[in-house]
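Every number in the numbering used here is 41 more than the matching position in the sequence shown, counting from 1.
Even glycine gets a Cβ: it sits at the ideal position worked out from N, Cα and C.
Computed from a predicted structure; not experimentally measured.
Comments concern the structure below.
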Amino acid sequence: MKTLRKKIVGYFILCAFFLQVALSVIDSTVGAYVDSHTTEEAIEGLTAGRFSVFLVLFIILQILFFIAAAIIFFLLVKKAVQKESERQAEEQRLMYASLAHDLKTPLTSVIGFSSSLLDKKIPPEKQVDITHTIHDKAVQMNGLLEAMLSYSKLNSESYELNKERTDFCLFVKNLAAATYNDFEAHKINVKVEIPTNPIFAMVDQKELSRAVGNLLANVWIHNPQGIEVLIKVAEEKNNVLLYIADTGNKIAPENAEALFNPFVSGNEARTSGKSSGLGLAISKAAVKHHDGKLYIDFNYPAFTKAFVMELPKCKEK
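Set out below in structure tokens:
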């Protein structure tokens, strides 16, 4: 919706500019005509009402240009709104279709296993394992629904973050420490470069923790074991930057932007059951709510790629 507003403002400025140019041309033309007819004949024409007619025509021409500019602006806005509505409708359709697809597999397992338990088709020695399987599938479905709710919430313009002044270095350091065991389990070597001095940013700790957590989890979910990972915090002018770089699988640059759309990276995730396919989309939406940027750097030295998060720093007190 913010993109639509920017388009409308852009169209308004464009139409106003061309209207101003057109009116300036008319004014200069009329001025030149008046200057070239300041003779006795022109003065006699004034008594005859010719100049009055000319003035009326001049005013009518200005009004017509105003109307034309308004019509063009209306048509441009109408087209932009229609296109944005179609885009949102298509995105929602694909999202709900993907959600239904992702829920179907674990739900089928839950129904199948629970029916077998009710019908006493499962031997007693296997019932505990089947119960654990049902629980795991239910947790998977719950995680998917929570991810969907989180994504929908973050994409609502009425949703307001609970921001507070936060030491971003300490914030990232704690999140990195919390995921150490996961990296170790996947035999991933982690290097951390975080300044000891604090760098402050206005952060909703709950939402941004999820955003950074998704980026960190993305490393071991979508890459092979044994890779190298760098978690780095740096500052640049008015921004604080988080780099999560790895030596894992390559991503085609032309697919980079699409990866942040819901379920785009989900084909592998949906079959593996390790991811909701919404992680990067949630991270992107959360960072956007913080007036920041999230993108992929394909030229980060010594690494295949780096996910980069930029957030505005707090102003010095």
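Specify whether the region 199 to 208 and the region 232 to 243 touch according to this definition: at least 3 beta carbon pairs, one from each stretch, less than 8 Å apart. yes
Could you check if I54 is buried or exposed, using at least 16 other CB atoms within 10 Å of its CB as the buried criterion? exposed
Looking at the structure shown, is K145 part of a helix, part of a strand, or coil, going by DSSP? helix
Cβ of A327 within 7 Å of Cβ of A252? yes
Between I163 and E125, what straight-line distance do the alpha-carbon atoms span, to the nearest angstrom? 52 Å
Would you mind sorting Q61 into buried or exposed? The rule is 16 or more other CB atoms within 10 Å of its CB. exposed
L319 (DSSP reduced to helix, strand or coil): coil
Taking all protein chains shown into account, decide if F212 is buried (16 or more other Cβ within 10 angstroms of its Cβ) or exposed. buried
Could you please give me the residues that DSSP links to K273 through a beta bridge? E234 and Y284
According to the Cβ coordinates, are V151 and I175 closer than 7 Å? yes
With a 10 Å radius around its C-beta and 16 neighbouring C-beta atoms as the bar for buried, classify F107 as buried or exposed. exposed
Identify, in the order they occur along the chain, each residue of the same chain with its Cβ nearer than 7 Å to the Cβ of L256, setting aside the five sequence neighbours on each side. I285, S324 and F348
Within 8 Å, do at least three Cβ pairs link the region 219 to 228 to the region 193 to 206? no
Using C-beta distances below 6 Å, list every residue in its chain close to G333, excluding the 5 sequence neighbours before and after it, in chain order. E351 and L352
Kindly indicate the opening and closing residues of the alpha helix (DSSP H) around A218. F209 to A219
Can you list, in chain order, the residues of its chain with a C-beta nearer than 8 Å to that of S191? Leave out the 5 residues immediately preceding and following it. R251, L319 and I323
Would the region 134 to 144 and the region 97 to 104 be scored as touching if the rule is three or more Cβ pairs under 8 Å? no
Can the beta-carbon of V281 be found closer than 7 Å to that of K178? no
List the endpoints of the continuous beta strand (DSSP E) containing I337. K334 to D338
Can you grab the Cα-Cα spacing for the pair P294 / L117, in whole Å? 32 Å
Three-state secondary structure assigned by DSSP to P353: strand
At what residue ranges does the region 141 to 198 contain a whole run of the alpha helix (DSSP H), taking only runs of 4 or more? 165 to 195
Output the distance between the C-alpha atoms of N302 and K194, rounded to the nearest integer angstrom. 15 Å
Against chain B, with Cβ distances strictly below 7 Å, would T146 count as a contact? Absent from the structure: chain B. Only one protein chain is present.
Between A121, Q103, V260 and N264, which has its C-alpha nearest Y52's C-alpha? A121
Go through its chain and collect everything with a Cβ distance to T312's Cβ below 6 Å, but skip five positions before and after it. Residue placement at T312 is poorly supported in this model, since its pLDDT is 40, which falls under 50; the coordinates still yield a value, given next. Taken in chain order, the list of residues that qualify is empty.
Distance, Cα to Cα, F58 vs I49? 14 Å
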